[in-house]
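Keeping their order, the protein sequence lines are chains C and B.
Position one of the first sequence corresponds to residue 336 (my numbering), numbered consecutively onward.
Position one of the second sequence corresponds to residue 124 (my numbering), numbered consecutively onward.
Positions of the beta carbon are idealized from the N, C-alpha and C atoms, including for glycine.
Just so we're clear, the structure is a prediction, and the values are computed from it rather than from any experiment.
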Amino acid sequence: MKRILFSICLLVGLASASMAQSAQYEAVMGRNVAMLDDSTSFNPDKLLEIGNTFERIAAAEKTQWLPFYYASYCYVMSALMQRDNDKVDDLADKAAVNIEQAEAISPKNDEIDCIKSLVATSRIRVDPPSRGMKYGMESAELLMKANQTNQENPRVYLLQGQALFYTPEQFGGSKTEAKKKFEVALQKFSTFKPASSIAPHWGEAYAKGLMAQIK
Amino acid sequence: MKQLNLILFTLFLPVCIMAQQRITGKITDSKKRPLQGVNVAIKDSYDGATSGKDGSFSFTTDAKGVQYVTATLLGYATQEQKVFISGTLEVNIIMRNNINDLKVVTITAGSFEASDEGKTTVLKPLDIVTTAGAGADIVNALKTLPGTQQTNDREGLFVRGGTGYETQTYIDGMLVRNPFFSGLPDQPGRGRFSPFLFKGTTFSSGGYSAQYGQGLSSALILESTDLPQRSSYTLGASVIGVSGGLEELMKDKKGSYGIEADYTNLGPYLDVLKPKFRFSAKPVIMGGSANFRRKTSKTGMLKFYGYANKTHMGTIRPSLEHPGYEEQFELKNHNIYTNLTYKESLGNDWKFNAGLSYSLNVDKINLDTLNKSESAKVKNQSELAQVKAMLTKGLGQYSLLRFGGEYQYGVEKAAFNNWPANYVDNYTSGFIESDIYFTPRLVGRFGSRVEYTSRIAKANVAPRVSLAYKLTGLSQVSFAYGDFYQKPEQQYLRFKPDLGYMKATHYIGTYQWVAKNYTLRVEAFYKKYHDLVKTSPDTATSGTGYAKGIELFWRDRKTFRNTDYWISYSYLDTKRNYLNYPFEVQPDFAAKHTFSLVYKYNIPAISTNLGVTYSFSTGRPYYNPTLPESKFMSERTMTYNSIGLSASYLTSIRKAFTIFILSVSNAPNFRQVYGYRYSSDKLRREEVVPNIPRFIYLGMFMNFGIDRRQDVINNL
Numbered sequence: 336m337k338r339i340l341f342s343i344c345l346l347v348g349l350a351s352a353s354m355a356q357s358a359q360y361e362a363v364m365g366r367n368v369a370m371l372d373d374s375t376s377f378n379p380d381k382l383l384e385i386g387n388t389f390e391r392i393a394a395a396e397k398t399q400w401l402p403f404y405y406a407s408y409c410y411v412m413s414a415l416m417q418r419d420n421d422k423v424d425d426l427a428d429k430a431a432v433n434i435e436q437a438e439a440i441s442p443k444n445d446e447i448d449c450i451k452s453l454v455a456t457s458r459i460r461v462d463p464p465s466r467g468m469k470y471g472m473e474s475a476e477l478l479m480k481a482n483q484t485n486q487e488n489p490r491v492y493l494l495q496g497q498a499l500f501y502t503p504e505q506f507g508g509s510k511t512e513a514k515k516k517f518e519v520a521l522q523k524f525s526t527f528k529p530a531s532s533i534a535p536h537w538g539e540a541y542a543k544g545l546m547a548q549i550k
Numbered sequence: 124m125k126q127l128n129l130i131l132f133t134l135f136l137p138v139c140i141m142a143q144q145r146i147t148g149k150i151t152d153s154k155k156r157p158l159q160g161v162n163v164a165i166k167d168s169y170d171g172a173t174s175g176k177d178g179s180f181s182f183t184t185d186a187k188g189v190q191y192v193t194a195t196l197l198g199y200a201t202q203e204q205k206v207f208i209s210g211t212l213e214v215n216i217i218m219r220n221n222i223n224d225l226k227v228v229t230i231t232a233g234s235f236e237a238s239d240e241g242k243t244t245v246l247k248p249l250d251i252v253t254t255a256g257a258g259a260d261i262v263n264a265l266k267t268l269p270g271t272q273q274t275n276d277r278e279g280l281f282v283r284g285g286t287g288y289e290t291q292t293y294i295d296g297m298l299v300r301n302p303f304f305s306g307l308p309d310q311p312g313r314g315r316f317s318p319f320l321f322k323g324t325t326f327s328s329g330g331y332s333a334q335y336g337q338g339l340s341s342a343l344i345l346e347s348t349d350l351p352q353r354s355s356y357t358l359g360a361s362v363i364g365v366s367g368g369l370e371e372l373m374k375d376k377k378g379s380y381g382i383e384a385d386y387t388n389l390g391p392y393l394d395v396l397k398p399k400f401r402f403s404a405k406p407v408i409m410g411g412s413a414n415f416r417r418k419t420s421k422t423g424m425l426k427f428y429g430y431a432n433k434t435h436m437g438t439i440r441p442s443l444e445h446p447g448y449e450e451q452f453e454l455k456n457h458n459i460y461t462n463l464t465y466k467e468s469l470g471n472d473w474k475f476n477a478g479l480s481y482s483l484n485v486d487k488i489n490l491d492t493l494n495k496s497e498s499a500k501v502k503n504q505s506e507l508a509q510v511k512a513m514l515t516k517g518l519g520q521y522s523l524l525r526f527g528g529e530y531q532y533g534v535e536k537a538a539f540n541n542w543p544a545n546y547v548d549n550y551t552s553g554f555i556e557s558d559i560y561f562t563p564r565l566v567g568r569f570g571s572r573v574e575y576t577s578r579i580a581k582a583n584v585a586p587r588v589s590l591a592y593k594l595t596g597l598s599q600v601s602f603a604y605g606d607f608y609q610k611p612e613q614q615y616l617r618f619k620p621d622l623g624y625m626k627a628t629h630y631i632g633t634y635q636w637v638a639k640n641y642t643l644r645v646e647a648f649y650k651k652y653h654d655l656v657k658t659s660p661d662t663a664t665s666g667t668g669y670a671k672g673i674e675l676f677w678r679d680r681k682t683f684r685n686t687d688y689w690i691s692y693s694y695l696d697t698k699r700n701y702l703n704y705p706f707e708v709q710p711d712f713a714a715k716h717t718f719s720l721v722y723k724y725n726i727p728a729i730s731t732n733l734g735v736t737y738s739f740s741t742g743r744p745y746y747n748p749t750l751p752e753s754k755f756m757s758e759r760t761m762t763y764n765s766i767g768l769s770a771s772y773l774t775s776i777r778k779a780f781t782i783f784i785l786s787v788s789n790a791p792n793f794r795q796v797y798g799y800r801y802s803s804d805k806l807r808r809e810e811v812v813p814n815i816p817r818f819i820y821l822g823m824f825m826n827f828g829i830d831r832r833q834d835v836i837n838n839l
């Protein structure tokens with residue numbers, strides 16, 4: 336009897352402990368993901384800091400892809416917003432390492448391909464004449480792949496639009512084509528339902544912001 | 124029941140003692156400099172912080188007892204420190220640099236590398252194309268680097284007191300027998316191969332690997348590009364010709380093939396711009412090339428490149444020998460070059476490289492003193508077939524051993540009018556070389572090369588040694604020593620098979636400091652020549668010589684906004700006794716001081732690049748036969764000055780990536796005299812000058828992507 340009781344207690348204890356762990360995971364993730372919904376977080380140093388937090392969560396939760404995903408997202412955004420070209424490659428490397436780990440846990444994931452595309456994009460700036468072709472192609476291909484996996488993902492259209500928006504016209508960029516992409520993205524955002532409160536859902540405000548810059 | 128209480132107590136124990144503890148500390152590198160952005164954490168928990176500008180961090184944690192604090196930062200080895208948390212705790216962590224490729228020393232004595240891959244390379248392939256005054260010619264661009272001479276009246280790259288013949292060109296490890304177009308007198312042909320074909324260019328001005336032989340002074344090592352990123356058409360048009368090409372990436376993305384054709388005709392251009400001498404045949408060049416590349420496995424790659432080309436040109440100039448008459452020089456050339464290479468990893472750290480190559484070069488020259496004598500017909504034909512194989516074995520993390528061999532079958536044919544002088548040469552060589560890392564900061568390369576050639580019927584053994592030591596993260600010193608052998612030029616070996624090998628021994632010391640946007644190099648060298656070809660009193664390999672000097676290179680990509688510039692300076696002290704020289708003197712191709720400044724300015728707003736290249740060298744010796752023999756080569760030409768300008772504008776025309784190029788060589792039209800030639804009666808002399816002192820080039824290149832996927836993206 337005692338033994339049974341002990342076993343029950345142990346089971347309950349373990350379950351509650353793991354429940355606690357998972358509740359903690361949801362809570363911490365929720366808090367940090369919410370920080371990314373706040374535009375004041377978007378400066379290179381703050382993003383690096385939030386990225387580091389996600390990296391710590393990822394190190395403790397090795398079976399979850401989202402912490403790796405968000406760590407990578409923060410690092411690549413930090414890279415894209417860097418003023419100092421010398422830091423871009425290091426941040427992009429950090430983002431690449433994390434997104435690869437996310438992909439190992441969750442292969443064939445369109446959200447992950449979006450981040451990989453961003454990583455390629457971020458590297459162009461360091462040396463556009465030498466890198467533009469290689470990484471531009473890589474970035475576009477990853478978005479193609481993401482689009483094939485999930486045609487409803489609004490971020491794919493947003494990033495395609497972003498590429499068209501920032502590419503100089505003489506290299507195939509086009510503000511009007513970008514606008515079309517943003518329109519599709521916004522339409523997809525209106526019907527997009529993230530799988531959970533901590534699943535990727537960024538981009539709508541950004542799409543609107545870029546759209547507003549096009550007359 | 125008591126027991127149950129105990130269990131319950133144990134279960135809730137963590138809650139009861141969930142008092143938070145503060146962990147603070149500072150992260151520094153091994154030199155006690157604070158590190159920012161370090162991710163500090165309690166292992167297997169979410170608790171942690173990012174270090175600030177001063178390296179300090181602070182966070183609270185629920186963890187107690189024995190824990191591990193981890194610190195991670197890219198480029199540094201992750202640190203893990205065991206701690207016991209019972210209250211507020213201070214943890215200071217020192218992080219050490221990762222031993223990655225950047226930190227590991229590489230052998231650099233004597234070599235300049237241009238590639239996109241290495242983070243510390245001195246030049247990028249694009250730099251070669253965008254150097255003003257170089258006209259997108261690899262060798263002309265390399266003439267802005269230290270160690271080279273501004274010998275624009277002769278073919279080839281003259282390095283550190285060596286002749287153009289002493290520099291050998293290799294494509295994917297295979298020797299290229301005729302890397303330059305055949306030229307007219309005093310007007311050397313440019314390089315045959317477009318810089319766009321190569322992803323990596325290594326220019327070695329001495330002390331190079333035992334893999335390469337038959338170059339006394341220098342090796343130009345070219346590595347062809349891999350698969351293209353997409354299929355494309357190219358179209359080019361300029362004031363001197365047109366070109367077009369197609370490159371197709373196969374559907375499985377594991378292979379590609381391409382063809383290219385070009386036609387150059389200087390006729391219309393020369394009609395507008397009056398050259399110094401008349402042309403009896405205005406230069407016409409027709410060529411085509413084909414390539415095929417295939418990934419044979421994850422690590423295997425098969426590459427084929429084939430090239431065929433035909434040129435025809437001729438000049439008429441006043442005769443120096445016969446005043447009042449004119450000399451005609453007419454050249455017809457055709458050239459074929461093919462190269463098939465294969466590389467594969469064999470597993471277990473073994474790598475295999477192999478190559479086959481065949482080339483043919485035929486020059487037909489017609490020499491005529493018009494209305495005076497019978498014309499003379501000269502025919503030169505060289506054919507070369509070669510095979511090379513190399514095995515590389517990785518030893519530990521960085522060290523390696525490589526060995527291999529090559530065989531060349533060469534047929535050299537020549538005829539003066541109808542007197543032929545032909546010979547066949549079988550050349551065999553073997554080499555072995557090992558890169559040994561004693562520590563990640565100290566590497567030694569020890570190698571040796573054995574060669575045998577049937578024409579000379581002698582063997583030679585050439586030892587090579589290089590050492591490099593990393594002083595700090597950014598700076599290193601290197602040393603190189605080696606023996607280099609080369610067959611005498613065909614025109615001597617043809618008539619005198621009993622000549623020996625020419626030999627040079629190199630000693631090189633280099634200091635290099637390479638930061639992300641700055642490069643500083645200082646190199647000192649001493650080169651001893653033995654057994655150079657003498658033509659007087661007899662043809663024999665009994666000549667001697669030496670070259671020594673100091674060279675500087677500085678490149679800065681950051682100080683001035685949108686500006687990239689480099690400066691090269693070479694000091695050369697060289698003397699040799701070869702050919703008909705009576706004793707050791709400074710030869711007529713060597714200048715004591717050479718200086719180059721390359722300046723590139725980028726205007727992103729209008730996607731335009733501007734470039735200026737200034738080159739200077741002190742006067743070169745020339746032979747004045749009216750002076751006594753003791754004054755041989757004692758006179759100097761005027762100093763050499765040249766300013767090249769270029770502007771390129773990038774745009775797109777109907778989705779075609781387009782570049783417009785305007786380049787002007789010797790823009791201020793400086794007078795350039797390379798030397799003097801005397802008539803045999805010593806009564807008259809003529810200047811050796813460029814036939815077209817200032818060349819203005821205007822051209823455009825278009826690249827159309829024919830990748831359907833790109834269109835699909837655009838139409839989504």
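Can you list, in chain order, the residues of its chain with a C-beta nearer than 7 Å to that of residue i? Leave out the 5 residues immediately preceding and following it.
i	result
Ser442 of chain B	Tyr448, Glu449, Glu450 and Thr492
Thr760 of chain B	Gly742, Arg743, Tyr745, Val796, Tyr797 and Gly798
Gln417 of chain C	Pro379, Val423 and Leu426
Ser413 of chain C	Pro379, Leu382, Leu383, Gly386 and Leu426
Within 10 angstroms of its Cβ, does residue i collect 16 or more other Cβ (buried), or is it exposed?
i	result
Leu478 of chain C	buried
Lys149 of chain B	buried
Gln599 of chain B	buried
Ser786 of chain B	buried
Pro402 of chain C	buried
Leu121 of chain B	This structure cannot speak to residue 121 of chain B, because chain B is shown only from 124 to 839.
Pro710 of chain B	buried
Gly616 of chain B	In the sequence under discussion, the amino acid at residue 616 of chain B is Leu, which differs from the Gly named in the question. Flag for Leu616 of chain B reads buried.
Ile294 of chain B	buried
Under the assumption that residue i contacts residue j (Cβ atoms under 8 Å), give the Cβ distance between them as a whole number of angstroms.
i	j	result
Gly734 of chain B	Val362 of chain B	No, Gly734 of chain B and Val362 of chain B are not in contact; Cβ-Cβ is about 19 Å, not under 8 Å.
Ile208 of chain B	Gln143 of chain B	Wrong, their Cβ atoms sit about 10 Å apart, outside the cutoff.
Asn732 of chain B	Lys681 of chain B	That pair is no contact at about 17 Å.
Glu396 of chain C	Ala406 of chain C	About 11 Å; that fails the 8 Å criterion.
Val584 of chain B	Phe539 of chain B	Contact flag wrong, Cβ pair sits at about 37 Å.
Starting from the C-beta of residue i, find all residues in its chain whose C-beta is less than 6 Å away, skip the five residues before and the five after it, and write them out in chain order.
i	result
Tyr105 of chain B	This structure gives no information on residue 105 of chain B, because the portion of chain B shown stretches from 124 to 839.
Asp385 of chain B	Ser366 and Gly410
Thr195 of chain B	Asn162 and Thr201
Phe524 of chain C	Pro489 and Glu539
Gln310 of chain B	Asn814
Pro137 of chain B	Residue placement at Pro137 of chain B is flagged as unreliable, the pLDDT there being 46, under the threshold of 50; a coordinate-derived value is accordingly withheld.
In the DSSP output, which residue or residues are listed as bridge partners for residue i?
i	result
Tyr608 of chain B	B:Lys626
Phe676 of chain B	B:Arg644 and B:Ser691
Tyr428 of chain B	B:Asn414 and B:Asn462
Q) In chain order, what residues of the region 416–434 of chain C put their CB closer than 7 Å to some CB of chain B? A) If the cut-off is 7 Å between Cβ atoms, the region 416–434 of chain C has Asp421, Asp425, Asp428 and Lys429 near chain B.
Q. Going along the chain, which residues of the region 672–694 of chain B sit with their C-beta nearer than 8 Å to a C-beta in chain C?
A. If the cut-off is 8 Å between Cβ atoms, the region 672–694 of chain B has nothing near chain C.
Q) Of all the residues that make up the region 453–477 of chain C, which are near chain B by a beta-carbon distance shorter than 7 Å? A) Of all residues in the region 453–477 of chain C, those with a C-beta nearer than 7 Å to a C-beta of chain B are Pro464, Ser465, Met468, Lys469, Met472 and Ala475, reading in chain order.
**Q.** Short-range partners of chain B found in the region 385–405 of chain C, where Cβ spacing is below 8 Å
**A.** For the region 385–405 of chain C, the residues whose beta carbon sits under 8 Å from a beta carbon of chain B are, in order, Asn387, Thr388, Glu390, Arg391, Ile392, Ala394 and Ala395.
Q) Just by C-beta distance, which residues in the region 505–517 of chain C are closer than 7 Å to chain B? A) Taking 7 Å as the cut-off between beta carbons, the residues of the region 505–517 of chain C near chain B are Gln505, Phe506, Gly507 and Glu512, in sequence order.
Q: For the region 260–274 of chain B, enumerate the residues whose C-beta is nearer than 9 Å to any C-beta of chain C, in chain order.
A: For the region 260–274 of chain B, there are no residues whose beta carbon sits under 9 Å from a beta carbon of chain C.
Q) Any residues in the region 150–169 of chain B with a beta carbon nearer than 7 Å to a beta carbon of chain C? Which ones, in chain order? A) Only those residues of the region 150–169 of chain B whose C-beta falls short of 7 Å from the nearest C-beta of chain C are listed: Gly160, Asn162, Ala164, Asp167, Ser168 and Tyr169.
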